[in-house]
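Taking it in order: structure first as structure tokens, then the write-up.
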Amino acid sequence: MKKEEEADKKFKAIKRSEALINLKETIAIIKKVLKKNKVRKAGIFGSYVRGEEKKNSDIDIIIEPPKGIGYGFFGIEIELEKELKKKVDLVSYNGLSPYLKEEILNSEVRII
């Protein structure tokens, strides 16, 4: 039984390491796209921050878009999805629901 427990712990540690590497790569891609689009403040939240993401999970990103971006906001979301090959839920700090604002801001991991 002890060998099985040790093997299980090692397996879980390897999985956590792989998840951390994937998260770092994901954040690097996000930062590249956001900086290219002149975003000066951004964070991630949701399942990726909690380490609960699944293969089909979207990536929750919050940004302070550049002034006057208008419909370009949706262009950033599309570009992120293309680069990450994943669904992205892009929201702005100003557009947060008052009901979710505190929870999102408390769990946010700032990347820019």
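Take 3 as the starting number for the sequence shown in my numbering and just add one per residue.
Quick reminder that beta carbons are idealized off the backbone N, C-alpha and C, glycines included.
Closest residue to residue i among the options (Cα-Cα distance)
{"i": "arginine 112", "options": "Ile65, Ser49 and Asn39", "result": "Ile65"}
{"i": "valine 41", "options": "Thr28, Lys26 and Gly70", "result": "Gly70"}
{"i": "glutamate 105", "options": "Lys26, Glu8, Phe47 and Lys4", "result": "Phe47"}
Residue i vs residue j beta-carbon contact at 8 Å
{"i": "serine 49", "j": "proline 67", "result": "no"}
{"i": "glutamate 110", "j": "valine 35", "result": "no"}
{"i": "isoleucine 78", "j": "asparagine 39", "result": "yes"}
{"i": "aspartate 62", "j": "lysine 88", "result": "no"}
{"i": "leucine 98", "j": "leucine 82", "result": "no"}
{"i": "isoleucine 114", "j": "alanine 30", "result": "no"}
Problem - Within the region 74–100, ranges of the alpha helix (DSSP H) (whole runs, at least 4 residues) - result: 74–86
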